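Below is one structure, written out as structure tokens; comments come after it.
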Amino acid sequence: MSGPAALRASLERIFAIVLRYLYLLRGSWPRILEQAYWPTVQMIIWGFITLFFVTNSTWVAQAVGVLLSAVLLWDVLFRAQLGVSVVFMEEMYARNLGHLFASPLRPYELIASLLIISLLRTLIGVGAAVLLAIPLYKISLFTMGLPLLAFFTNLLIFGWSIGLMMCALLLRYGLGVEGLAWASIFALAPVSGIYYPISTLPGWLQTVAWWFPSSYVFEGMRAVLFQQAFDQPMFVKAAALNGVYLILGTLSFFWVFRIARQRGLLLQMGE
Amino acid sequence: MRNTIEVQHLTKRYGPVSAVADISFTVPECSICALLGTNGAGKTTTLAVLLGLLIPDQGRVSILGEDMLRHRYRVLPRMNFSSPYVDLPQRLTVTENLEIYARLYGVHSRAGRITELAEVLDLTGLLDRPYRTLSAGQKTRVALAKALINQPEVLLLDEPTASLDPDSADRIRTYLTNYQSTTRATILLASHNMAEVERICRQVMIMRAGRIVDAGQPENLIARYGRRTLEEVFLDVIRSDLQGEVAERSASVA
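From first to last, the protein sequence lines stand for chains U and S. The opening position of the first sequence corresponds to residue 1 in our numbering, with each subsequent residue numbered one higher. The opening position of the second sequence corresponds to residue 1001 in our numbering, with each subsequent residue numbered one higher.
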């Protein structure tokens, strides 16, 4: 197959997997509702907390949207990770991996489709909450301007990387690690400085925190909201770390995929 | 006559268990062949290796002239399979499932192919139903439709008529025979249904404990063992004490 024809065929296969997920969503309204449910509930809770702190905290009063922006951006990371690992779990629940990997679908094409689906899920879920926050609390994430795009992209990529690592774990150990796939991202929450500056952490934990792109994003977000300044070096560090994590996530998936082919795991997946 | 499938000294172990032990066989083009064996004999493992789902410990596998261990993506678009050990997405309708696999296999006239297969496999009334609502027999027919979606040159079928009533099973066998003769495809199936194998297969390979212990044309095997049916031959073979006697017999069915 020639170059352009091979590329078209590859894109068709990626689209097929995306379409598979869209069909799943179309056939199940609770799934669509679920995408937006938790981000919206979180936004409502933190909206009221913000209203309370505006009159009780000088720190929050300086930047009214700091807590709500933090919770919504955290949800970008959370949804992006789930968007990869939960969709992969759907294939395991369906015992469909054998069919997929005996077809011309390449592992990197599956990864590409998982990332696209993750983006769609994140936009649906967090997008609804972000838009609702505007009329409810007069707080708009969009006032951050272009830096918001930088934060969103960095968190999305970091979420993808963690999601791919979770997929590798699922492929290796099966649905026994399903709980870990759901909860793993929360281990990063304390060190990401979502609601407080990284300087709040003990010195040794600050060192740990700076290994994660999310810490740079939330520090950067506070810089924009409090000082109206976009910290470019922080963005560059976050992007560089994300590059490393994405490579690690992808390599771990490929590595475990090979182990799965050696151990016959692709035919044994299921509940 | 050329061989579509060539397997040489294939070995696959799971820890201390030898799932497939140094088997060699060939399947000639435009033929229907069968792997027979009890549960755990190594049939599914062999099919999984042929599909590239499993990396063998040793051995070579060539399909349609390509080395499956190195260039499987050159061959996979021209192959397909069905197996009771893998399933299709439960919440999607039959049409949605078939459309997705049509796209994965690069089928151009997807709607036409789905309609055609639905008619032949008696799925027309089921196309809009979610896969999970189907009976076991209906699911088997959908899995077969998925396996035929790309008009494969090589079709690997693991227990293709399992869960089917006698009428449906007979129609599937007739369809497979017609499909093979009209498309000149090569079909390798693993089955426990001896009558089915006797009826549609030109060659059989009998596996026991990961080895091919005998092989040949059904009528020749029946004559050689002095039996009336392939099932009787099969029982003779798997129940006989073959330690050191027929323990390892490479079978060329060409």
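Note that the Cβ used here is the ideal one computed from N, Cα and C, for glycine as well. Fair warning: this is a prediction, and the values are worked out from it, not measured in the lab.
Near residue i, what residues of its chain come up, given a Cβ to Cβ distance below 8 Å and the 5 sequence neighbours on each side ignored?
i                : result
L24 of chain U   : R31 and E90
R172 of chain U  : V256, I259, A260 and L265
L1123 of chain S : V1094, L1117, Q1138, R1141, V1142 and A1145
E219 of chain U  : G193, P197, I198, D231 and M234
E109 of chain U  : S10, R13, I14 and I17
L180 of chain U  : M166 and L169
Round the Cβ separation of residue i and residue j to the nearest angstrom and send it over; I've been treating them as touching at under 8 Å.
i                : j                : result
Y1085 of chain S : G264 of chain U  : The pair is not a contact, with the Cβ atoms about 10 Å apart (cut-off 8 Å).
L246 of chain U  : I157 of chain U  : 6 Å
L1053 of chain S : L267 of chain U  : 6 Å
V84 of chain U   : L164 of chain U  : 6 Å
N1080 of chain S : N1150 of chain S : 6 Å
A80 of chain U   : L141 of chain U  : That belief does not hold up - the Cβ atoms of A80 of chain U and L141 of chain U are roughly 16 Å apart, past 8 Å.
S1082 of chain S : P1160 of chain S : 6 Å
R20 of chain U   : I1100 of chain S : 5 Å
D1214 of chain S : L1047 of chain S : That belief does not hold up - the Cβ atoms of D1214 of chain S and L1047 of chain S are roughly 19 Å apart, past 8 Å.
L72 of chain U   : M43 of chain U   : 6 Å
Y1105 of chain S : S103 of chain U  : 6 Å
G249 of chain U  : W160 of chain U  : 7 Å
L1155 of chain S : A1147 of chain S : 6 Å
A1102 of chain S : R1113 of chain S : 6 Å
A133 of chain U  : L68 of chain U   : 6 Å
V1007 of chain S : V1061 of chain S : 5 Å
I1055 of chain S : I1005 of chain S : About 17 Å separates the two Cβ atoms, so there is no contact after all.
Could you tell me whether any Cβ in chain S is nearer than 8 Å to the Cβ of residue i?
i               : result
A112 of chain U : no
E271 of chain U : Caution applies to E271 of chain U, whose pLDDT of 43 falls short of 50 and renders its modelled position unreliable; the value that the coordinates give is listed next. It does not; no Cβ of chain S falls within 8 Å.
F101 of chain U : yes
Y23 of chain U  : yes
R106 of chain U : yes
W206 of chain U : Residue identity check: residue 206 of chain U is Gln in the sequence provided, not Trp. Not closer than 8 Å to any Cβ of chain S, the Cβ of Q206 of chain U fails to qualify, so no.
E12 of chain U  : yes
R261 of chain U : yes
Using a Cβ cut-off of 8 Å, pull out every chain S residue sitting near residue i, in sequence order please.
i               : result
F15 of chain U  : R1103
R121 of chain U : In chain order: nothing, as chain S lies at least about 16 Å away.
Compare the C-beta of residue i with all C-beta atoms of chain U and state if any pair is closer than 8 Å.
i                : result
P1084 of chain S : no
L1053 of chain S : yes
A1048 of chain S : yes
P1077 of chain S : yes
G1112 of chain S : no
G1106 of chain S : yes
Y1179 of chain S : no
Y1073 of chain S : yes
Y1014 of chain S : yes
Report the neighbours of residue i on chain S: residues whose CB is nearer than 7 Å to its CB, in chain order.
i               : result
S28 of chain U  : R1091
Q35 of chain U  : Within chain S, no residue comes near Q35 of chain U; the closest Cβ sits about 16 Å away, beyond 7 Å.
A9 of chain U   : G1106
I266 of chain U : According to the sequence provided, residue 266 of chain U is Leu. The question's Ile does not apply to it. Those within 7 Å of L266 of chain U in chain S are L1053.
When every heavy atom of the ligand COA is checked, does at least one fall within less than 7 Å of the C-beta of residue i?
i                : result
A1111 of chain S : The model on display carries no ligand, and the ligand COA is accordingly not part of it.
Residues of chain U with a CB under 9 Å from the CB of residue i: which are they?
i                : result
D1087 of chain S : A94, R95, N96, G98, H99 and G270
Please work out which residues of its chain come closer than 6 Å, Cβ to Cβ, to residue i, disregarding the five sequence neighbours upstream and downstream, and give them in chain order.
i                : result
L241 of chain U  : P213
G270 of chain U  : With a pLDDT of 48 at G270 of chain U, under the threshold of 50, the modelled position of this residue cannot be trusted; read the value that follows with caution. Excluding residues within five positions, the ones whose Cβ falls inside 6 Å are R95.
A1019 of chain S : K1012, G1042, T1045 and G1210
L1088 of chain S : N1097 and Y1131
R1184 of chain S : C1030
Y1225 of chain S : V1233 and D1236
In chain order, what residues of the same chain have a beta carbon less than 7 Å from the beta carbon of residue i, not counting five sequence neighbours either side?
i                : result
V177 of chain U  : L169 and L170
F953 of chain S  : Any question about residue 953 of chain S goes unanswered here, given that chain S covers just 1001 to 1254.
V64 of chain U   : T50, V54 and I139
R281 of chain U  : Examination of residue 281 of chain U is not possible in this model, given that chain U is present from 1 through 271 alone.
Q62 of chain U   : F226
S215 of chain U  : V191, S192, G193, I198 and A209
Q1243 of chain S : Caution is warranted here: a pLDDT of 46 is assigned to Q1243 of chain S, below 50, making its placement in the model unreliable, and the coordinate value is therefore given only provisionally. Cβ neighbours of Q1243 of chain S beyond the five flanking positions: none.
L205 of chain U  : V191
By the criterion of Cβ-Cβ separation under 8 Å, what are the contact partners of residue i in chain U?
i                : result
I1100 of chain S : A16, I17, L19, R20 and Y23
So which residues on chain U does residue i lean against when the C-beta distance must stay under 7 Å?
i                : result
E1096 of chain S : Y23
F1081 of chain S : A102
In chain S, what lies closer than 9 Å to residue i by C-beta?
i               : result
R172 of chain U : Within chain S, no residue comes near R172 of chain U; the closest Cβ sits about 15 Å away, beyond 9 Å.
Can you list, in chain order, the stretches of the alpha helix (DSSP H) that have 4 or more residues and sit fully within the region 56-81 of chain U? 58-62
Segments of 3+ residues assigned as beta strand (DSSP E) that fall wholly inside the region 1122-1199 of chain S: 1154-1158 and 1186-1191
Length at least 4, wholly inside the region 178-205 of chain U: the alpha helix (DSSP H) runs in chain order: Runs of the alpha helix (DSSP H) inside the region 178-205 of chain U: 178-183 and 189-192.
In the region 1012-1085 of chain S, which residue ranges form an unbroken beta strand (DSSP E) of at least 3 residues, counting only runs that do not cross its ends? 1017-1028, 1032-1037, 1058-1063 and 1079-1082
In chain order, what are the residue ranges of uninterrupted alpha helix (DSSP H) at least 4 long that sit wholly in the region 102-141 of chain U? 107-137
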